[in-house]
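**Student:**
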Amino acid sequence: MTAPESTSAPAHFIRTRIAREFEAGLHQRVVTRFPPEPNGYLHIGHAKSIVLNFAMPDEFGGYTNLRFDDTNPVREEQRFIDSIKEDVKWLGYRWENECYASDYFETLYGYALSLIDNGLAYVDEQDAETIRAQRGTLTEPGTDSPCRNRPSAESRRLFEGMRAGEFPDGAMVLRARIDMAAPNINLRDPVLYRIRREHHHRTGDDWCIYPSYDFAHGQSDAIEHITHSLCTLEFEDHRPLYDWLIEHLPVPSRPVQIEFARLNMDFTVMSKRRLTRLVDEGHVHGWDDPRMPTIAGLRRRGFTPESIRSFCTEIGVTKSESIIPFGVLERNLRDDLNARAHRRMAVLRPLKVVLSNFPEGETEWIEAANHPQDPEQGSRRLPLTREIYIERDDFMEDAPKKFFRLKPDGEVRLRNAFIIRCQEVIKDDEGTVVELRCTFDPETRSGQPGSNRKVKGTIHWVSAAHAIRAEVRLYDRLFNVPHPAGDRDADFLEHLNPESLEVLRDARLEPGLAPAKVGSYFQFERLGYFVPDVDTAPESPVFNRAVTLRDTWARLEKELAGR
RNA sequence: UGGGGGAUCGUCUAGUGGUAGGACUACGGACUCUGACUCCGUCAGCGGGGGUUCGAAUCCCUCUCCCCCAGCCA
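Right, here's the structure in full:
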């Protein structure tokens, strides 16, 4: 089961390969799995994997399992399981089976025994350091452990003893008996089981031995009859081990592992270790901080599942590593929301404007479309009064010729309403503009015959008397360098952008925005896409800016400033 | 100086012997009661060198650069 809309499916090497396999009659269906370790929150990189893993069965027939790779109890927690399930669902996907590697511990244990009985695994009583030393180096072969040739019956007794809790943590491990001289280090008798007295979030204290990733993953795939085990590039040189185990174990199916490049994005970090540090050291306000690249963070920021899915489809699937500009994700959000977000007016940094020829105490109701290109999305009525607020940025006393907004003696249209002319600029003692006196032209009301008079600029506004106050949070990139994790000379935290969050506490919104609920989204015209934050409350609304509108003026302005 | 991968417009990505294509960005223009959207147009690429071939991004040789692997993490 997958998300409703089927995004266009460009050919990529995995899709092409599966299609060929189908043509050759190798499969009747595709079964994949999304296998997170429950030791952190899902991020946009996981989304790429999720979209891929659900898309293949969706296209070819089959299904996807959600499998928690919970073989290391020291790092895993139930709360992460909960968040992962929530995030996958929110992205729009429904898994066929909810699986846990820990459900297979007994089966896996049996597989280990069979390996031992066949002389393909042995218990090694050396400590970790010795084993490491014997592994050799990238250029030198390893040396055999003295335990390597012990009788399999002895290994079996020891391994059974390991399970029975007869030995302390770290006293011994189970190792595959492959080849200590293999050029691929993963084949130099890799560790299959270790003793670890640690409470497991699902199996409790039933086990004191836990399988390693290599021993658990492929066999779990086989148990679930996964046809294609899709993973990232760093597991590429584990594939010979993956295949070796499948080949030598009495598993019920023979999955194949296919690797693809993980997602990297600029101006952020993606590794769980670094994300965990950001959270634990308080650089952000939790895993769902809107500046985080986590699914929870993006959701809170205002990203839609559709935008994340289309992004993941757009970037493609290859084996070459790449870094996707964050702006690509943002554009997918804009494209999605542009089509369906209702337009609203909100003033982030208010500047009072008095319409001197507007009758005092009167309210004029203005009809405003919810969407400029789609009348079916309806309209709402806006109050216009003598005192309004406009955006501070929309007025300039010494404006450059290309500035199309309000300036002394200049004209501008109030969006959905009248053309106004700036007659007077009022400043405080320090010279700061605090108020504008303008006149409005009653003939130019939107929709009236006289409204076709053209002025160069249109600005948004709210009625001072009706507007609701709100807190608005503006987000910028979390880091101020494109590759914060790529600096060998500095900790990535040194590249944190101190201005990644800007809180505006005096924004004014059109009154209809008051009851907006979390999960709704709007375009604040001329500003960007905004959503109510989870902190929002009826009497104290809080909005997040998910993304700005594309802003050609900002670029022009920067250019003008540059010369 | 082991093994495994990867190099195609600025970015991402198609293209396994027959005119290197798309998307994004950028730039220019049209439109505009959002400097948004939309539309039109332009710029721009096969890591280097050799070879095979009528013809090479694609096949061969060679060089260079980048990533991953020496956890009882995944």
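Numbering of the first sequence is given in the working numbering, commencing with residue -4 and proceeding in unit increments.
Ideal Cβ positions, reconstructed from N, Cα and C, are used throughout, including at glycine.
1) If W456 and I385 are in contact, beta carbons under 8 Å, what's the gap, nearest whole angstrom?
2) Taking the beta strand (DSSP E) that H337 falls in, what are its first and last residues?
3) Counting pairs of Cβ atoms below 8 Å between the segment 388 to 396 and the segment 457 to 468, do you hit three or more?
4) For L187, which three-state DSSP category applies?
5) Drop a sphere of 10 angstroms on the beta-carbon of L409, count the other beta-carbons inside from all chains shown, and report buried for 16 or more, exposed for fewer.
6) Quick one: what's E362 bridged to in DSSP?
7) What three-state label does DSSP hand K451 in the structure shown?
8) Between the alpha carbons of P68 and P178, how many angstroms are there, rounded?
9) On the three-state DSSP scale, how would you describe G199?
10) Quick check on DSSP: helix, strand or coil for R345?
11) Between E32 and S515, what straight-line distance do the alpha-carbon atoms span, to the nearest angstrom?
12) Starting from the N-terminal side, write out each stretch of the alpha helix (DSSP H) that is 4 residues or longer and does not extend beyond the segment 390 to 432.
13) Which residue comes first and which comes last in the alpha helix (DSSP H) that contains I570?
14) With burial defined as no fewer than 16 other Cβ atoms inside 10 Å of the residue's Cβ, what is the status of H337: buried or exposed?
15) Let me know if P510 comes out buried or exposed under the rule of 16 or more other beta-carbons within 10 Å of its beta-carbon.
16) Take the Cβ of N113 as the centre, count every other Cβ of all protein chains shown within 10 Å, and call the residue buried at 16 or more, exposed below.
17) Out of V348, T125, L273, R62, point me to the one whose CA is closest to S458's CA.
18) Which class does H233 belong to by DSSP, given the choice of helix, strand or coil?
19) Let me know if L153 comes out buried or exposed under the rule of 16 or more other beta-carbons within 10 Å of its beta-carbon.
20) Looking only at its chain, what residues have a beta carbon closer than 7 Å to the beta carbon of S446, apart from the 5 residues adjacent to it on each side?
21) Whose C-beta lies closer than 8 Å to the C-beta of W239 among residues of the same chain, with five residues either side of it excluded?
22) When the distance is taken between beta carbons, is S535 closer than 8 Å to C433?
23) Going by beta carbon distance, what residues of the same chain come within less than 8 Å of A211, once the five residues before and after it are set aside?
24) Have a look at L488, K402, M340, H478 and flag the residue whose alpha-carbon is nearest the alpha-carbon of K451.
25) Report, in whole angstroms, the separation of the C-beta atoms of A107 and L61, which I expect to be a contact under 8 Å.
26) Starting from S302, follow the alpha helix (DSSP H) in both directions and report where the run begins and ends.
27) Could you tell me the distance, in whole angstroms, from the CA atom of G40 to the CA atom of N92?
28) Within its chain, find whatever has a CB closer than 7 Å to the CB of V46; leave out the 5 residues flanking it on each side and keep chain order.
29) In the DSSP assignment, what are the bridge partners of M260?
30) For D528, which residues from the same chain have a beta carbon less than 6 Å from its beta carbon, with the 5 sequence-adjacent residues on both sides left out?
31) Closest to R375 by C-alpha separation, out of V513, M340, F49, Q443, would be which residue?
32) Beta-carbon separation of F55 and F17 under 8 Å?
33) Among F413, D482, R296, S315, which residue has its Cα nearest to the Cα of F517?
34) Report the residue from A541, Y58, V476, R127 whose alpha carbon sits nearest the alpha carbon of P320.
35) Looking at the secondary structure, which residues open and close the alpha helix (DSSP H) in which H212 lies?
36) According to DSSP, simplified to helix, strand and coil, what is E93?
**Tutor:** A quick look at the data gives this:
1) Position 461 of the first sequence, counted from the start, is the residue given in the question as residue 456. Position 390 of the first sequence, counted from the start, is the residue given in the question as residue 385. 5 Å between Cβ atoms; contact.
2) In the first sequence, the residue the question calls residue 337 occupies position 342. Going by DSSP, H337 is part of the beta strand (DSSP E) stretching over 337 to 339.
3) No: the two stretches stay apart, fewer than three of their Cβ pairs being nearer than 8 Å.
4) Indexing the first sequence from 1 puts residue 187 at position 192. In the structure shown, L187 sits in a strand (DSSP, three-state: E or B).
5) For this step, residue 409 is matched to residue 414 along the first sequence. Burial of L409 is indicated by the presence of at least 16 other C-beta atoms within 10 angstroms of its C-beta.
6) In the first sequence, the residue the question calls residue 362 occupies position 367. According to DSSP, E362 bridges with R376.
7) Here residue 451 is taken as the residue at index 456 of the first sequence, counted from 1. Collapsing the DSSP output to three states places K451 in coil.
8) Residue mapping note: residue 68 aligns to position 73 of the first sequence, counting from 1. Residue mapping note: residue 178 aligns to position 183 of the first sequence, counting from 1. A direct Cα-to-Cα measurement between P68 and P178 gives close to 31 Å.
9) Locating residue 199 in the first sequence gives position 204, counting from the first residue. Correct three-state label for G199: strand.
10) Residue mapping note: residue 345 aligns to position 350 of the first sequence, counting from 1. For clarity, residue 345 is Pro in the given sequence; the question names Arg instead. P345: strand per DSSP, three-state reduction.
11) Here residue 32 refers to the residue found at position 37 when the first sequence is read from its first residue. Here residue 515 refers to the residue found at position 520 when the first sequence is read from its first residue. If I take the Cα positions, the gap works out to 31 Å.
12) You should have found no qualifying run.
13) Since the first residue shown for the chain is -4 and the last is 558, residue 570 is missing from the structure and cannot be characterised.
14) Position 342 of the first sequence, counted from the start, is the residue given in the question as residue 337. With 16 or more other Cβ atoms from the protein chains shown falling within 10 Å of its own Cβ, H337 counts as buried.
15) In the first sequence, counting from the first residue as 1, residue 510 sits at position 515. Exposed.
16) As a working note, residue 113 is residue 118 in the first sequence. Result: exposed.
17) Numbered from 1 along the first sequence, position 463 holds the residue referred to as residue 458. Comparing C-alpha distances from S458 to each of V348, T125, L273, R62 shows the shortest one belongs to V348.
18) Locating residue 233 in the first sequence gives position 238, where the first residue counts as 1. Helix.
19) As a position in the first sequence, residue 153 is number 158, starting the count at 1. Sixteen is the threshold: when 16 or more other Cβ atoms of the shown chains lie within 10 Å of the Cβ of L153, as they do, the residue is buried.
20) Here residue 446 refers to the residue found at position 451 of the first sequence. The beta carbon of S446 is closer than 7 Å to those of T439, R440 in its chain, skipping five residues each way along the sequence.
21) Along the first sequence, one-based indexing puts residue 239 at 244. Closer than 8 Å at Cβ, skipping near neighbours: A171, I173, L182.
22) One-based indexing of the first sequence puts residue 433 at position 438. One-based indexing of the first sequence puts residue 535 at position 540. Against a cut-off of 8 Å, the Cβ pair of S535 and C433 comes out as no contact.
23) For the purposes of this step, residue 211 is taken as residue 216 along the first sequence, with counting starting at 1. For A211, where only same-chain residues beyond five positions count, the Cβ hits under 8 Å are D64, T66, A96, Y99, L103.
24) Locating residue 451 in the first sequence gives position 456, where the first residue counts as 1. Taking K451 as reference, the option from L488, K402, M340, H478 with the minimal CA-CA separation is K402.
25) For this step, residue 107 is matched to residue 112 along the first sequence. For this step, residue 61 is matched to residue 66 along the first sequence. 25 Å between Cβ atoms; not a contact.
26) Mapped onto the first sequence, residue 302 falls at position 307. S302 -> alpha helix (DSSP H) spans 300 to 310.
27) Counting from one through the first sequence, the residue named residue 40 turns up at place 45. Counting from one through the first sequence, the residue named residue 92 turns up at place 97. If you draw a straight line from the Cα of G40 to the Cα of N92, it is about 22 Å long.
28) Position 51 of the first sequence, counting from 1, holds the residue named residue 46. Short of 7 Å from the beta carbon of V46, and not among the five residues preceding or following it, lie these beta carbons of its own chain, in chain order: R304, C307, T308.
29) Numbered from 1 along the first sequence, position 265 holds the residue referred to as residue 260. DSSP output for M260 lists I319 as bridge partner(s).
30) In the first sequence, residue 528 corresponds to position 533, counting from 1. Here the set comprises V537, N539.
31) Here residue 375 refers to the residue found at position 380 when the first sequence is read from its first residue. Minimum Cα distance to R375 is reached at M340.
32) Residue mapping note: residue 55 aligns to position 60 of the first sequence, counting from 1. Residue mapping note: residue 17 aligns to position 22 of the first sequence, counting from 1. Closer than 8 Å, so yes.
33) One-based indexing of the first sequence puts residue 517 at position 522. Nearest to F517 by alpha-carbon distance, out of F413, D482, R296, S315, is R296.
34) As a working note, residue 320 is residue 325 in the first sequence. Taking each of A541, Y58, V476, R127 in turn and checking the Cα distance to P320, the smallest one comes out for V476.
35) Taking the first residue of the first sequence as position 1, residue 212 is located at position 217. Where H212 is concerned, the enclosing alpha helix (DSSP H) starts and stops at 208 to 218.
36) The count along the first sequence starts at 1 and reaches residue 93 at position 98. In this structure, E93 counts as strand in the three-state DSSP scheme.
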